[in-house]
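Working notes, beginning with the structure itself.
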């Protein structure tokens, strides 16, 4: 976890006081997150994800690119991409096809997800509030500037570094895949 930079937080002037139990201290002007607590909450989140997936529950992973995907789809449908210069339109169409490949499954969701995984609590605050209102359990990645009391399971970790997000998301997705495979074996 240290190699991925999971322990790095934000500057002390940006911190949320509710994160105090998860912070070890300051080093070189940034807060350092307690990795033992990160590992404990990550394990708890993986157990929840496995149990939910093994009963056939549906998951949704919320990240900033989803909004970008919706905006590009809207522009394509309204024809705004055709009015752009050829180079810009080609770049946006390539980006849209990339997003379609990774986020296209969301448009086929027929019901609300059973569990929502939020990768950046600060950026996806609205989605988190919607989940709270609808009573959908949430697993949230929280940095030192986030509120740990909002999500059902909060994993204290660096939500800015790609390596950190990738490490935690890989563990969660692995738990979901294991749970899905056990669910499929139960059905057969």
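Numbering (my numbering), first residue to last: 10 to 197. Here a beta-carbon is modelled for each residue, glycine too, at the ideal position from N, C-alpha and C.
Going by DSSP, what residue range makes up the alpha helix (DSSP H) through residue 175? Note, residue 175: alpha helix (DSSP H), 171-196.
Within the same chain, show all residues whose beta-carbon is closer than 8 Å to that of residue 50, passing over the 5 residues directly before and after it, in chain order. Excluding sequence neighbours, residue 50 sits near 162, 163, 164, 165.
Output yes or no for whether 8 Å exceeds the beta carbon distance between residue 159 and residue 177. It is not a contact, given that the beta carbons lie outside the stated cut-off.
Expressed to the nearest angstrom, what Euclidean distance is found between the alpha-carbon atoms of residue 175 and residue 47? Near 15 Å, if we compare the C-alpha coordinates of residue 47 and residue 175.
Classify residue 186 as buried or exposed, calling it buried when 16 or more other Cβ atoms lie within 10 Å of its own Cβ. By the neighbour-count definition (other C-beta atoms within 10 Å, threshold 16), residue 186 is an exposed residue.
Assuming residue 42 contacts residue 153 (C-beta within less than 8 Å), just tell me the rounded distance between them. Indeed they touch by this definition, with Cβ atoms about 7 Å apart.
Just to confirm before moving on: does the CB-CB distance between residue 189 and residue 54 stay below 8 Å? Their beta carbons are not under 8 Å apart, which means residue 189 does not touch residue 54 by this criterion.
Do you know how far the Cα of residue 28 is from the Cα of residue 22? Approximately 13 Å between the Cα atoms of the pair.
Roughly how many whole angstroms lie between the Cα atoms of residue 67 and residue 59? For residue 67 and residue 59, the distance between alpha carbons rounds to 12 Å.
Quick one: what's got a C-beta closer than 6 Å to residue 69's C-beta in the same chain, skipping five residues either side? Excluding residues within five positions, the ones whose Cβ falls inside 6 Å are 122, 125.
If you run the structure through DSSP and keep just helix, strand and coil, what is residue 120? Coil at residue 120, not helix or strand.
Taking the alpha-carbon of residue 26 as reference, which of 191, 171, 157 has the nearest alpha-carbon? Nearest C-alpha to residue 26 among 191, 171, 157: 157.
Residues sharing a beta bridge with residue 44, DSSP: Note: residue 44 sits in no beta bridge, so no partner.
For residue 150, which of helix, strand or coil comes out of DSSP? Residue state, collapsed to three classes: strand.
If the criterion is Cβ atoms closer than 8 Å, does the pair residue 167 and residue 173 meet it? Going by C-beta atoms, residue 167 is nearer than 8 Å to residue 173.
Sheet register partners of residue 27 (DSSP bridge): Residue 27 pairs with nothing; no bridge assigned.
Work out the CA separation of residue 24 and residue 196 for me, nearest whole Å. Answer to the nearest angstrom: the Cα atoms are 47 Å apart.
Tell me which same chain residues have a C-beta within less than 6 Å of the C-beta of residue 192, skipping the five on either side of it? Cβ within range, chain order: 63, 65.
Can you give the Cα-Cα distance for residue 88 and residue 133, rounded to whole angstroms? Roughly 28 Å separates the two Cα atoms.
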